[in-house]
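Have a look at the structure below before the remarks.
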């Protein structure tokens, strides 16, 4: 069965934002990002102004995709957790279900053990929300409902006029 496009409404976004905000505080992290596997940022908490969120989201998705390839090469289904240790900051990346990537950036004010513990709890909560969104999308699809994107009316000519010479 093909994956449905997920349409997230404000209510779900607020729940996701609340969970990652709590994770950022409870894990004493500098920043927490929730990214989809296509490299789009879903939500963020913490000192997000200090980071190029667009680049971080796309590079994280690429990192996860490359790591999935490595996992398959050695006969693993996936590596659900990645950890990068730096001189000042550390990066904890974990897969949330089949749709999301949770990125936690932390320094010496926290520990890997604390981050892992807090991420485990937050991941379960995030997965529940993703499941609800997916169930709603499936229900809409089964009922013949179709979401009309607010960008569907934008044409190539509109884009050219906006960014054209």
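Numbering (the UniProt record's numbering), first residue to last: 1 to 165.
Built from N, CA and C at the ideal position, the CB exists for glycine as well.
All of these numbers come straight from a predicted model, not from anything done at the bench.
Asked	Found
Residue nearest to residue 77 in terms of C-alpha spacing, selected from 92, 83 and 68	68
DSSP beta-bridge partners of residue 85	90
Beta-carbon gap between residue 105 and residue 31 smaller than 8 angstroms	yes
Residues near residue 83 in its chain [Cβ-Cβ closer than 8 angstroms; skip 5 each side]	90, 91, 92, 93 and 112
Cβ-Cβ distance between residue 34 and residue 20 below 8 angstroms	yes
According to DSSP, residues forming a beta bridge with residue 41	35
Closest residue to residue 28 among 135, 117 and 65 (Cα-Cα distance)	117
Nearest neighbour of residue 64, chosen from 54, 42 and 101 [CA to CA]	101
8 angstroms contact criterion, which residue 103 and residue 60 should meet: CB distance rounded	5 angstroms
CA-to-CA distance, residue 163 to residue 70, given in whole angstroms	39 angstroms
Residue 100 - DSSP class collapsed to helix/strand/coil	strand
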